[in-house]
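Positions 39 to 357 (the numbering used here) are the ones given, in order, by the sequence shown. Virtual Cβ for every residue (Gly too), placed ideally from N, Cα, C. Quantities reported herein were computed from a predicted structural model and do not represent experimental measurements. Working notes, beginning with the structure itself.
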Amino acid sequence: MNIFNKLLICFILISSNAFSQKDKSSSFEVIPLGVKGGIDEKNLSAYLLAPAKTNDFICLDAGTVNAGIEKAIENKTFKVSTSEVLRKYIKGYFISHAHLDHVSGLIINSPADSSKTVYATNKCMEMMENHYFNDETWANFGDKGPGKPLKKYHFQTLNIAEETPITNTTMTVKAFPLSHVNPFESTAFLVKNGDSYVLYLGDTGPDAVEKSTDLHDLWTAIAPLVKNKQLKGIFIEVSFPNEQPDQFLFGHLTPNYLMKELHSLEELAGKDSLKGFKIIITHLKPPAKNIVKIKEQLKKQNDLEIQIIYPEQGKRFEL
Numbered sequence: 039m040n041i042f043n044k045l046l047i048c049f050i051l052i053s054s055n056a057f058s059q060k061d062k063s064s065s066f067e068v069i070p071l072g073v074k075g076g077i078d079e080k081n082l083s084a085y086l087l088a089p090a091k092t093n094d095f096i097c098l099d100a101g102t103v104n105a106g107i108e109k110a111i112e113n114k115t116f117k118v119s120t121s122e123v124l125r126k127y128i129k130g131y132f133i134s135h136a137h138l139d140h141v142s143g144l145i146i147n148s149p150a151d152s153s154k155t156v157y158a159t160n161k162c163m164e165m166m167e168n169h170y171f172n173d174e175t176w177a178n179f180g181d182k183g184p185g186k187p188l189k190k191y192h193f194q195t196l197n198i199a200e201e202t203p204i205t206n207t208t209m210t211v212k213a214f215p216l217s218h219v220n221p222f223e224s225t226a227f228l229v230k231n232g233d234s235y236v237l238y239l240g241d242t243g244p245d246a247v248e249k250s251t252d253l254h255d256l257w258t259a260i261a262p263l264v265k266n267k268q269l270k271g272i273f274i275e276v277s278f279p280n281e282q283p284d285q286f287l288f289g290h291l292t293p294n295y296l297m298k299e300l301h302s303l304e305e306l307a308g309k310d311s312l313k314g315f316k317i318i319i320t321h322l323k324p325p326a327k328n329i330v331k332i333k334e335q336l337k338k339q340n341d342l343e344i345q346i347i348y349p350e351q352g353k354r355f356e357l
C-alpha cells in the first residue's frame, strides 16, 4: 500500500471518529432549580433547559426560582450574579399547571425579573390571571387580565399539539394535555431544538386511575421520536411509593404506575427502544424515607433497563 492510500485511510478513520463523537454530543443542558414535590418551599419543581453550550434557558415550571439560582451559583454551575441569571439567562417560563408549588417562584420573583414570555395552555393561563396576577393577590405583571396590566410579562396561550417558536431561543414547543385529578388539567411540553427533543411532564396521574387516555395519546405522539433516537430524555414525576392507595394518589404516579406507562410507550416505539433511555425523575415527595423507598422500588422494577436520573438542585447535567 503506497503512502497516499495510507494517508487516505487515516483521514477517513479520523473523520469517521470525529463525526461519531459529534453525533453523540449532548443537545441540551439542564440546571434544576427545584426538584421536589411537597413542603420544601426552597426546592420545588423548576428546571432550566437550554440548547447545549448556550445560556438561552427556558424554565419548565417555576415553583422555586431565586433559591435554586443561588444554589446553582454555590455549586459553581453559574459564575454570574443571581440577578443576571434571572433577568438575562431565563428567556421564558412554561407553566404546566397553576398549583402553587409550580408557580410560586415565578410570582414572588416577578418584581425583580425582566420582560419575557410566560407560556401556558388556556385553562392554566386563565387560573394564573384570575387568581394570581389579578391586582389583588399580586400585581398584574402580565399584558392582559384583571386590574391594570403592567406588561412586564407577555402571557402567551399555547394551543394543544401546535408547534410554537420560543421567543429569544432557537427552540420550539408543543403542548399536550395531562390529567392531574381528572378533570383538572396539567401539561406536557415537548421541546425541540434542531432535530433533538426533550419531553417534560408536569404532575400527572396514570391513565388507569384518572380514567383518561392522555398519557397513551402522548406516548403515541412521541413514539416515533423514541424509535428514531431523537428524544433525548423524559422528565416525569414519581410522587409516592407503591404502598400509596389509588384513592390517595391525588393525580400522581408511583414506581408501579410509571413502569406500566413506560411499558406502554415501549410497545408503541418498539422492543428494547427504551434500553439506556434517560428518564429524569421529578416531584419526589418528602419524607426522606419515602424518597428512599421510591428509589429502591424503581431500581428493582427497572426491567426495561432505562437510565434513571435523579436531578439535584443547582447541579448541571446534559441530555
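Residue-level contact to chain D via CB, residue i, 8 Å cutoff
i: E122; result: Absent from the structure is chain D; it holds one protein chain and no more.
Contacts around residue i, its chain only, beta-carbon distance under 8 Å, and the 5 residues preceding and following it disregarded
i: K182; result: E167, F193
Chain-order list of residues whose beta-carbon lies under 6 Å from that of residue i (same chain, five-residue window excluded)
i: I128; result: F95, C97
i: A226; result: F214, L216, L239, L256
i: E201; result: T210, K212
Residue i - containing beta strand (DSSP E), residue span
i: Y157; result: 154-159
i: E223; result: 223-231
Short Cβ contact (8 Å threshold) for residue i with residue j
i: L188; j: D151; result: no
i: S148; j: K190; result: yes
i: S362; j: L71; result: Since the first and last residues shown for the chain are 39 and 357, residue 362 lies out of range.
i: E223; j: T292; result: no
i: P89; j: M163; result: no
i: S65; j: K327; result: no
i: L357; j: K313; result: no
i: L322; j: V276; result: yes
i: T115; j: I69; result: yes
C-alpha distance - residue i paired with residue j, whole-angstrom precision
i: L306; j: I260; result: 9 Å
i: T92; j: E281; result: 42 Å
i: D241; j: A105; result: 22 Å
i: L144; j: N172; result: 14 Å
i: I332; j: F278; result: 7 Å
i: P325; j: I77; result: 9 Å
i: E79; j: T207; result: 29 Å
i: Y348; j: I274; result: 11 Å
i: K309; j: Q345; result: 16 Å
i: G180; j: T155; result: 9 Å
i: L15; j: D245; result: Because residue 15 is not part of the residues shown, which for the chain are 39 to 357, the question remains open.
i: G352; j: V118; result: 14 Å
i: I111; j: S121; result: 11 Å
i: N340; j: L300; result: 10 Å
Opposing strand residues paired with residue i [DSSP bridges]
i: P70; result: Y85
i: K316; result: Q345
i: V236; result: V229
i: E334; result: Bridge partners of E334: none, in fact.
Continuous alpha helix (DSSP H) stretch holding residue i: start and end
i: A261; result: 252-265
i: A213; result: Per DSSP, A213 belongs to no alpha helix (DSSP H); it is in the beta strand (DSSP E), 210-217.
i: E275; result: Here E275 belongs to no alpha helix (DSSP H); instead the beta strand (DSSP E) covers 269-275.
i: Y127; result: From DSSP, Y127 is part of no alpha helix (DSSP H); its letter is neither H nor E.
Neighbourhood of residue i by C-beta, 7 Å cutoff - its chain only, sequence neighbours within 5 removed
i: F288; result: V219
i: Q335; result: P279, N280, P293
i: E304; result: S311, L312, L342
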